[in-house]
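Notes to accompany the following structure.
Numbering (my numbering), first residue to last: -11 to 727.
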């Protein structure tokens, strides 16, 4: 039977909510993505709370809040203790994203859903995998192999391939087939004919213009505002699509030598760019090649100034400027405050580059038509002074005294319990000090031993006198001296982090120095809030720079992948239903769109069995090398071992003959060069190879053109039975293996 696969959406179906899905493969539970939104509403995580303790592994696909924002909260409050897997950029940039989210909210509210320690705790045990690395699970997951592949949406973004018994389960959401300035697109050839494909319908109704046209419109719109003496605000994410926007602006400013300043403002701006500089191997081929030839790192930004505090922006020179500030939803962060300041000036522009999360201020402003005025809450954390500070200190002192009193009472109870367990008055070694007033000095004055009574000390029943701890130093020695264990001298990562914190450092590069000062600031403070009605007079424009494949491309890619079963998630009800109907007609007959917490069984219909090759059969098989694998044709009988496992045995009767099979893949361009090297006159003509004067070779039924390999591939050689025909056929056969 096939591998058992069940899919249960925990969030993000028939809507644009965060992504979180439980995928069970032969009883092993994967939580794929653990997202939250910028509202941080705990009610969204109720389905996750019901299954968190049963999760065996967590796979993270992208380093933004929608894909991993709930990880710290789930680890602390929901009992999610499973190992986590991601790529290195997803780990690093996801960590910075959560730091920025926490700091943005802590400055304007009494945010207590998770702390920086909770973020560190959730991320510290993440196993980082390289691109296309095959990681074999152990224990309960024995036999399952996971591997991350490039998704093309965000730096380090992942399409997860989960393989069990030769069947692939592919999780591909938010992928992009287009090459961009800093990212390659998805490699479609890695995902042909999977048993199950889980993908999203987010862009099933949207089509996009060509990238160059879109980039030009983007920069022209910004330059027009700046030349009209207006400011431009781009609400962006912390460490995701903002990287592409920075590259577009940096390139344009370098080409045209524009005088207007560009600022990138988040609590972790410097750390983000520092990390990104070291991730060139995860970026586009063009960036990697440029670094190899010129040693120029594209993220050494010469036109962009990195800021981690709004006061730095306030102190910047007057004049038109471009500011990329977090958060993209305008619910919190620097972008919220800047919008309130700039919205009342008609010369300014707020340029949205992604579809905002539902129910946020940014989504409201993206409506058609946009509102003429919006109500916002302005909050600020200020230090306590005067009577409030005195009252706070008195309350803290009272709490400390209560805690000290409780601790002393607990300690007394523990001492009484321990004395009651150890002391036995019938023990002859116990000295009753209640009646002992003085003891004669029996020792000579010149020295020697004397009895000492320590008032109030009751020795335990296992000792005959007061004892002090003694540790014997049994060092190992060899011919060269004392044996040294190198592990005793290794500085642990957590020790380095703590040391950096104590000296006001950057927490192993996780947080910028200015942001670290906010964490280390222990002054008593409070949050002051006020309601404002802001008239929206500035220009509001939305341009799609989300970096996701559009409707046309998604449909084409799904046809190429040709999955046996397809599961649709994350998209509006209209988009999900539209893509479902298209895929039923053009992709595969088994398309599912489950509801929230609905478990669907997408077990493969293939008849796959685990078998063991007997030693007798293996000794008679001749393997041939084909790429990284070895192949062979054999005939056998099916039997069973002593432990009831299926095994293949040599045939008891002569096997019937089989048709010869040529195994391999011929690339026409390579074969053309091979024939030319062997003195054959050859040229491409009408998609076929014209060899010599009479012979033609063409490829039909190519997997790349027939829905992902549904049909067989054939090489057809045409021509009269002449000397050239047989010579070229021999050359052709030499590129295959005959079974």
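Just so you know, even glycine gets a beta-carbon here, dropped at the ideal spot from N, CA and C. All values reported here derive from a predicted model rather than from experimental measurement.
Going by other Cβ atoms of all chains shown within 10 Å of its Cβ, with 16 needed for buried, is residue i buried or exposed?
i	result
residue 421	Any answer about residue 421 is weak, because its pLDDT of 46 lies below 50 and its placement is not dependable; what the coordinates show is given next. Residue 421 is exposed by the Cβ-count criterion.
residue 597	exposed
residue 164	buried
residue 611	exposed
residue 287	buried
residue 545	buried
residue 148	buried
residue 340	buried
residue 714	exposed
residue 342	buried
residue 541	buried
residue 322	buried
residue 195	exposed
residue 685	buried
residue 212	exposed
residue 634	exposed
residue 465	exposed
residue 271	buried
residue 710	exposed
residue 425	Summary for residue 425: the model assigns pLDDT 44, below 50, so the residue's position carries little reliability, and this model does not support an answer.
residue 229	buried
Using the Cα positions of residue i and residue j, report the straight-line distance between them to the nearest angstrom.
i	j	result
residue 411	residue 401	A caution first: residue 411 carries a pLDDT of 47, below 50, which makes its placement in the model too unreliable to give a value.
residue 557	residue 537	15 Å
residue 427	residue 394	Here residue 427 scores only 42 on pLDDT, less than 50, and its place in the model is too uncertain to base an answer on.
residue 172	residue 385	58 Å
residue 475	residue 118	27 Å
residue 565	residue 154	31 Å
residue 515	residue 98	7 Å
residue 665	residue 200	41 Å
residue -1	residue 353	25 Å
residue 232	residue 261	12 Å
residue 144	residue 76	7 Å
residue -7	residue 589	6 Å
residue 254	residue 657	50 Å
residue 74	residue 518	41 Å
residue 94	residue 106	14 Å
residue 376	residue 370	12 Å
residue 132	residue 552	19 Å
residue 104	residue 54	19 Å
residue 577	residue 50	30 Å
residue 721	residue 705	11 Å
residue 301	residue 204	27 Å
residue 365	residue 348	13 Å
Looking at the secondary structure, which residues open and close the beta strand (DSSP E) in which residue i lies?
i	result
residue 75	72 to 75
residue 627	624 to 628
residue 201	Premise fails: residue 201 lies in the alpha helix (DSSP H), 199 to 215, not in any beta strand (DSSP E).
residue -4	-7 to -1
residue 684	683 to 688
residue 702	702 to 706
residue 250	250 to 253
residue 519	513 to 523
residue 677	676 to 679
Just tell me which of the options has its CA closest to the CA of residue i.
i	options	result
residue 207	235, 598 and 223	235
residue 139	354, 78 and 8	78
residue 168	202, 182, 159 and 177	202
residue 60	51, 405 and 86	86
residue 52	83, 617, 62 and 388	83
residue 383	512, 159 and 50	512
residue 186	10, 361, 668 and 706	10
residue 25	37, 239, 346 and 251	346
residue 649	620, 674 and 663	620
Check whether the Cβ of residue i lies closer than 6 Å to any heavy atom of the ligand COA, and answer yes or no.
i	result
residue 577	As presented, the structure is devoid of all ligands, the ligand COA included, so that no description of it is given.
For the alpha helix (DSSP H) that contains residue i, what are its first and last residues?
i	result
residue 240	230 to 244
residue 349	349 to 353
residue 661	656 to 665
residue 287	Note, residue 287: premise wrong, no alpha helix (DSSP H); not H, not E.
residue 717	711 to 721
residue 20	Segment 16 to 20 is the beta strand (DSSP E) holding residue 20; no alpha helix (DSSP H) there.
residue 263	257 to 265
Would residue i pass as an interface residue toward chain D - the criterion being a Cβ-Cβ separation below 7 Å?
i	result
residue 240	The structure shown contains no chain D; it is built from a single protein chain.
- Entirely enclosed alpha helix (DSSP H) segments - the region 550 to 630, minimum 4 residues: 561 to 574 and 603 to 607
- Kindly provide the ranges of any alpha helix (DSSP H) runs that are 4 or more residues long and lie completely inside the region 41 to 87, ordered along the chain. 53 to 56 and 59 to 65
- Can you list the beta strand (DSSP E) stretches of 3 or more residues lying completely in the region 141 to 183, in chain order? Fully enclosed beta strand (DSSP E) runs of 3 or longer: 146 to 152 and 155 to 160.
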